[in-house]
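> Before I ask anything, here is the structure I am working with.
Number of protein chains: 2
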Amino acid sequence: MDATEQAEGRAARGTAGQARRMPRAERRAQILDAATRAFARGGFAATGLDDVAAEAAISRVILYRHFASKSELYREVLDRARTHLIEQVGADNFTEYSIPAFVKAAAADPAGFRLLFRHAVREPEFRDLTDSLAAYSTEVAHRHLTALIPDEDWAQWAARLVPTVAIEAVIAWLDAGRPEPDRAAERIADAVHGVIDAAQPR
Amino acid sequence: MDATEQAEGRAARGTAGQARRMPRAERRAQILDAATRAFARGGFAATGLDDVAAEAAISRVILYRHFASKSELYREVLDRARTHLIEQVGADNFTEYSIPAFVKAAAADPAGFRLLFRHAVREPEFRDLTDSLAAYSTEVAHRHLTALIPDEDWAQWAARLVPTVAIEAVIAWLDAGRPEPDRAAERIADAVHGVIDAAQPR
DNA sequence: CCACTTGTTAATTCACGAGTATACATGTAA
DNA sequence: TTACATGTATACTCGTGAATTAACAAGTGG
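Line by line, the protein sequences are chains D and G. Under my numbering, think of the first position of the first sequence as 12, with each following residue one higher. Under my numbering, think of the first position of the second sequence as 12, with each following residue one higher.
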């Protein structure tokens with residue numbers, strides 16, 4: 012998705028099957044990128060270290076010179092994706108810039124985005140990393156909605172649904188080929204407002 | 012969730028650790044119910060046959076007298092959930108009764124519902140069972156939306172998002188404690204319409 | 001040139017869960 | 001009461017994938 016992996020593919024190997032030599036820090040970062048893509052396909056359990064190694068175009072043993080275990084690697088991948096996302100969306104409040112920033116972040120790192128929200132959220136052993144995100148976004152939404160929705164049950168319903176719909180709307184947008192990248196956030200925000208309206212008293 | 016398992020728990024065992032004797036067909040159905048609940052917690056890979064056996068309050072070996080393998084059991088569980096859902100929602104077209112029927116079906120079998128849409132959809136080996144559902148609902152939505160949304164990209168976006176939002180709205184409703192069961196479908200339908208509006212040209 | 005790091009391949013250990021086999025206990029029906 | 005189906009418990013086999021080790025190759029920097 013950016014500048015680190017365009018050199019990987021086949022070009023990473025010489026004729027003798029030797030991978031390109033790389034300084035430690037760079038290799039580490041490149042493994043994290045590759046692991047993000049590999050894990051994004053099937054999540055933790057379904058993705059073997061061989062898959063990760065293949066994606067990074069190195070041998071499996073090398074992984075252990077950079078990460079103590081599969082779990083640790085995965086945790087670091089998730090943590091990085093989460094951190095990047097928070098950095099780009101930031102804000103403790105739900106503002107008109109939240110959704111555009113969210114869309115932009117997803118477009119910048121779709122693998123990380125999918126990994127976080129399609130897989131990691133369903134993996135109990137790593138919930139601690141995604142629960143903060145989920146709980147936090149729900150809480151922000153709830154704080155924002157509590158003024159708009161008098162019924163507490165439906166306010167909770169909307170508070171849980173708003174982040175989910177934002178996520179799913181973004182993924183659907185990615186899947187649809189990212190039409191109108193600069194208007195997408197607008198559409199997605201509208202879909203979110205549809206949920207809020209649905210929770211209004213009638 | 013219905014009439015088959017209220018007798019299970021501890022009451023199923025006598026003092027000697029012997030499970031209640033049950034005719035073959037009944038036991039089979041009870042295992043399927045229990046397996047639905049067990050698998051609904053973590054999906055196929057994360058759920059061991061021990062978990063299933065424990066949930067059914069029988070020993071693990073018995074499972075093999077009813078099902079040839081874990082995969083076969085899982086397939087049957089999924090197929091049953093899918094069939095029940097289709098029976099209750101039915102309709103080849105999206106009508107005003109579709110969403111109420113959908114909500115009702117989810118309320119009747121929440122474990123099967125979650126299993127299908129939270130787990131099975133992300134399990135490549137069992138995609139054949141859920142793809143029909145997903146592809147079909149997307150196609151129905153697309154057919155319904157193509158008249159309303161001129162831009163094909165956004166029509167596709169909405170067609171994918173509509174079933175997803177319906178599903179997520181139902182799950183959020185279940186999680187929120189099922190408030191106002193008879194008005195829920197109305198709210199959920201509103202949320203869905205919010206998505207459709209968001210895809211309109213502006 | 002020498003030491004060190006970054007790589008490779010191959011073989012091995014280990015844990016875990018699916019699947020199988022065996023021996024035994026107990027309701028139920030002919 | 002005899003035959004059979006339904007149940008238990010235990011102990012295995014077997015495959016897979018994580019984790020480790022060892023021997024070797026090749027850039028790089030002092």
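Yeah, the Cβ is synthetic: ideal placement off N, Cα and C, and Gly gets one too.
1) With H, G and I counted as helix, E and B as strand and the rest as coil, what does DSSP make of glutamate 134(D)?
2) How many angstroms separate the CA atom of alanine 200(D) from the CA atom of isoleucine 110(D)?
3) Examine chain D for any beta-carbon lying closer than 8 angstroms to the beta-carbon of proline 190(G), and answer yes or no.
4) Excluding five sequence neighbours on each side, which residues of the same chain lie with their C-beta closer than 8 angstroms to the C-beta of glutamate 87(G)?
5) Looking only at its own chain, which residues have a Cβ that is under 6 angstroms from the Cβ of phenylalanine 128(G), when we skip the five neighbours before and after it?
6) For the alpha helix (DSSP H) holding aspartate 201(G), just list the boundary residues, first then last.
7) At a CB-CB cut-off below 7 angstroms, which residues of chain D make contact with aspartate 208(G)?
8) Report back the beta-carbon spacing between phenylalanine 137(D) and tyrosine 85(D) to the nearest angstrom; my notes put them in contact at under 8 angstroms.
9) What's the gap between the Cα of tryptophan 168(G) and the Cα of serine 143(G)?
10) Does aspartate 61(G) get closer than 8 angstroms to chain D when you measure Cβ to Cβ?
11) Skipping 5 residues on each side, what residues in its chain have a beta carbon closer than 6 angstroms to that of alanine 195(G)?
12) Quick check on the burial criterion: 16 or more other C-beta atoms within 10 angstroms. Buried or exposed for proline 34(G)?
13) For arginine 171(D), which residues in the same chain have their Cβ closer than 6 angstroms to its Cβ, ignoring the five residues on either side in sequence?
14) Taking its Cβ as the centre, do 16 or more other Cβ atoms sit within 10 Å of alanine 158(D), making it buried, or is it exposed?
15) Is alanine 145(G) closer than 8 angstroms to histidine 153(G) when the C-beta atoms are compared?
16) CB-CB under 7 angstroms to glutamate 197(G), same chain, minus the five flanking residues each way: which ones, in chain order?
17) Hey, does glutamate 179(G) have any beta-carbon neighbour from chain D nearer than 8 angstroms?
18) Under 8 angstroms, Cβ to Cβ, is there at least one residue of chain G near alanine 196(D)?
19) Less than 7 angstroms between the CB of arginine 138(G) and some heavy atom of the ligand FMN, yes or no?
20) Please check if any C-beta of chain D sits within less than 8 angstroms of the C-beta of alanine 40(G).
Based on what the coordinates show:
1) As a first step, residue 134(D) must be located in the first sequence, where it is residue number 123. Three-state result, glutamate 134(D): coil.
2) Numbered from 1 along the first sequence, position 189 holds the residue referred to as residue 200(D). Numbered from 1 along the first sequence, position 99 holds the residue referred to as residue 110(D). About 7 angstroms.
3) Your numbering for residue 190(G) matches position 179 in the second sequence. Yes, its Cβ sits closer than 8 angstroms to a Cβ of chain D.
4) In the second sequence, residue 87(G) corresponds to position 76, counting from 1. Answer for glutamate 87(G): Leu43 and Phe78, listed in chain order.
5) For the purposes of this step, residue 128(G) is identified with residue 117 of the second sequence, where counting begins at 1. The answer, listed in chain order, is Ile178.
6) For the purposes of this step, residue 201(G) is identified with residue 190 of the second sequence, where counting begins at 1. That run of the alpha helix (DSSP H) goes 195 to 209.
7) Position 197 of the second sequence, counted from the start, is the residue given in the question as residue 208(G). Going along chain D in sequence order, the residues near aspartate 208(G) (Cβ under 7 angstroms) are Asp201 and Gly205.
8) Numbered from its first residue, the first sequence carries residue 137(D) at position 126. Numbered from its first residue, the first sequence carries residue 85(D) at position 74. Indeed they touch by this definition, with Cβ atoms about 7 angstroms apart.
9) The residue you call residue 168(G) lines up with position 157 of the second sequence. The residue you call residue 143(G) lines up with position 132 of the second sequence. For tryptophan 168(G) and serine 143(G), the distance between alpha carbons rounds to 19 angstroms.
10) Translated into positions along the second sequence, residue 61(G) becomes position 50. Aspartate 61(G) does not count as touching chain D.
11) Here the question's residue 195(G) lines up with position 184 in the second sequence. Here the set comprises Val114 and Trp184.
12) In the second sequence, residue 34(G) corresponds to position 23, counting from 1. With fewer than 16 Cβ atoms within 10 Å of its Cβ, proline 34(G) is classed as exposed.
13) Working through the first sequence from its first residue, we reach residue 171(D) at position 160. Closer than 6 angstroms at Cβ, skipping near neighbours: Thr149.
14) One-based indexing of the first sequence puts residue 158(D) at position 147. By the neighbour-count rule (16 or more Cβ atoms within 10 Å), alanine 158(D) is not buried but exposed.
15) Start at 1 with the first residue of the second sequence, and residue 153(G) comes out as number 142. Start at 1 with the first residue of the second sequence, and residue 145(G) comes out as number 134. Cβ atoms of histidine 153(G) and alanine 145(G): not closer than 8 angstroms.
16) Position 186 of the second sequence, counted from the first residue, corresponds to residue 197(G). Contacts found: none.
17) What you label residue 179(G) is simply residue 168 of the second sequence in a count that begins at 1. Output row for glutamate 179(G): interface = yes.
18) Against the first sequence, residue 196(D) aligns to sequence position 185. No, because no Cβ of chain G sits closer than 8 angstroms to the Cβ of alanine 196(D).
19) The ligand content of the structure shown is nil, which means the ligand FMN is not present either.
20) In the second sequence, the residue the question calls residue 40(G) occupies position 29. Not closer than 8 angstroms to any Cβ of chain D, the Cβ of alanine 40(G) fails to qualify, so no.
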